[in-house]
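Going by this note's numbering, 150 is the number at position 113 of the sequence shown; the sequence numbering is gapless.
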Amino acid sequence: MRIAVLTSGGDAPGMNAAIRGVVRVAAGNDIEVFGIERGYKGLLGNEMLLLSKRSVSGMIQRGGTMLMTARCPEFQEYEYRRQAAEVLTNRHIDGLVVIGGDGSFHGMEALWKEFGVRCVGIPGTIDNDLAYTDFTLGFDTAVNTAVSAINNLRDTMSSHERVVVVQVMGRHCGDIALYAGIAGGAEVILVPEHPVDYDEVTRKLVGNKKAGKQSGIIVLAEGAAPLDEVIREIKARTPELSVRSTVLGYIQRGGAPTMSDRLLASKMAYRAVELLKQGQGGRVVGIRDNHIIDEDVTEALARPRRVEENLYKLANLLSI
């Protein structure tokens, strides 16, 4: 049996651990693994290399993706997907592991439904924006990176009695902001799933200052509101507060994956190879209630994503 693995879309810590897991689990089952470089773009260009259990040595602790990744808007067109399926057929590939987010999964869904390519998806995205799984690869690492930054910012903001708005990634999903905000002791957390109430934000900041707090941390998911707007609205309402801002940006995507992401990647890789070994396709692997699960890709993508309201309420209770 021969399978291939690719990483697509934005990189996420844990992708290398997943590639390593796929290769080594496959090797233990006498399955050949080819790595496709640069995602679907590389698949169209037939950019493949044979991976061995030695070629993935030292990868579990590395961020990014050894196979590299790229956006491939052409893949939305049927003709390009047909070419991709033809490449896999010509290379005698029996199954494909796709590591990426919702866009990557839509691509593998099309390959499965249109051409019968047996695909299994592993969720790799720091945004944690796939509803069928509790957590995605890279999310835990990104949150820990954000928490570390918040800890450092708290030191300097307390020294100067300032408020800082920390913008984190999350265009449509506020999980990084929510989890990092709670873990970092933020006074205010702004997420795309809830409209921003600037009067409430400033009320809390002023109340905290009167209660003796020396600093204020606002964690802003990038999709909740524009950073300059948040700064402007707060300053307009509370000119007495000294407000600063910082954008964490791409630092959240890099760095060595945490233990949780390494372990999750390894478990998901095992399930992905087992599914292909059984002749299954059109499945995505995830974790739910601390158990590894797999689900039909179409059903998984159709699930609506909602913010965890209990955590959001907890954040408000803890921010006094």
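The beta-carbon is built from N, C-alpha and C at its ideal position, and this holds for glycine as well.
How do the segment 254-264 and the segment 133-149 stand: do at least 3 beta-carbon pairs fall below 8 Å, yes or no? no
Restricting to Cα atoms, I'd like to know which of Ala-337, Gln-98 and Leu-81 is closest to Gly-291. Gln-98
Which runs of the alpha helix (DSSP H) at least 4 residues long sit entirely within the segment 154-220? Give them in chain order. 176-197 and 212-220
Spatial neighbours of Ile-219 in its chain, beta-carbon cut-off 6 Å, leaving aside the 5 residues before and after: Ala-352
Spell out a yes or no on whether the segment 270-277 and the segment 99-107 are touching, meaning 3 or more CB-CB pairs, one atom from each, closer than 8 Å. no
I'd like the span of the beta strand (DSSP E) that includes Ala-41, first residue to last. 39-44
Report the rounded CA-to-CA distance for Phe-152 versus Ala-122, giving the unit in angstroms. 7 Å
Can you have a look at Thr-193 and say buried or exposed, based on whether 16 or more other CB atoms are within 10 angstroms of its CB? exposed
Going by C-alpha to C-alpha distance, which of Val-322, Cys-109 and Gly-175 sits closest to Ala-293? Gly-175
What's the gap between the Cα of Ile-144 and the Cα of Gln-113? According to the sequence shown, residue 144 is Gly rather than Ile. Near 7 Å, if we compare the C-alpha coordinates of Gln-113 and Gly-144.
DSSP puts Arg-281 in a beta bridge; with which residues? Val-201
Residues bridged to Phe-142 (per DSSP): Answer is none; Phe-142 lacks a bridge partner.
Return the Cβ separation of Gly-211 and Pro-229 in integer angstroms, given the expectation that the two are a contact with Cβ distance under 8 Å. 5 Å
Can you name the start and end residues of the alpha helix (DSSP H) that Glu-266 belongs to? 264-274
Among the residues of its own chain, which have a CB less than 6 Å from the CB of Asn-181, if the five just before and after it don't count? Thr-295
Would Val-334 and Val-322 be called neighbours here (beta carbons separated by less than 8 Å)? no
Of the choices Arg-299, Thr-162 and Gly-221, whose alpha-carbon is the least far from that of Ser-185? Gly-221
With DSSP as the reference, identify every bridge partner of Glu-69, one or two as the case may be. Arg-39
Within 10 angstroms of its Cβ, does Thr-173 collect 16 or more other Cβ (buried), or is it exposed? buried
Beta-bridge partners of His-129, as assigned by DSSP: Looking at the DSSP assignment, His-129 forms no beta bridge with any residue, so it has no partner.
Grab the span of the alpha helix (DSSP H) containing Arg-61 for me, first residue to last. 52-64
Give the C-beta separation of Ala-302 and Gly-79 to the nearest angstrom, bearing in mind that I take them to be a contact with Cβ-Cβ under 8 Å. Incorrect: roughly 21 Å between the Cβ atoms, too far for contact.
Work out the CA separation of Leu-125 and Val-238 for me, nearest whole Å. 53 Å
Between the Cα of Tyr-287 and those of Ile-163, Tyr-77 and Ser-195, spot the shortest distance and give me the residue it belongs to. Ile-163
Of the residues Ala-54, Val-70, Arg-128 and Glu-224, which one's Cα is nearest the Cα of Gly-100? Ala-54
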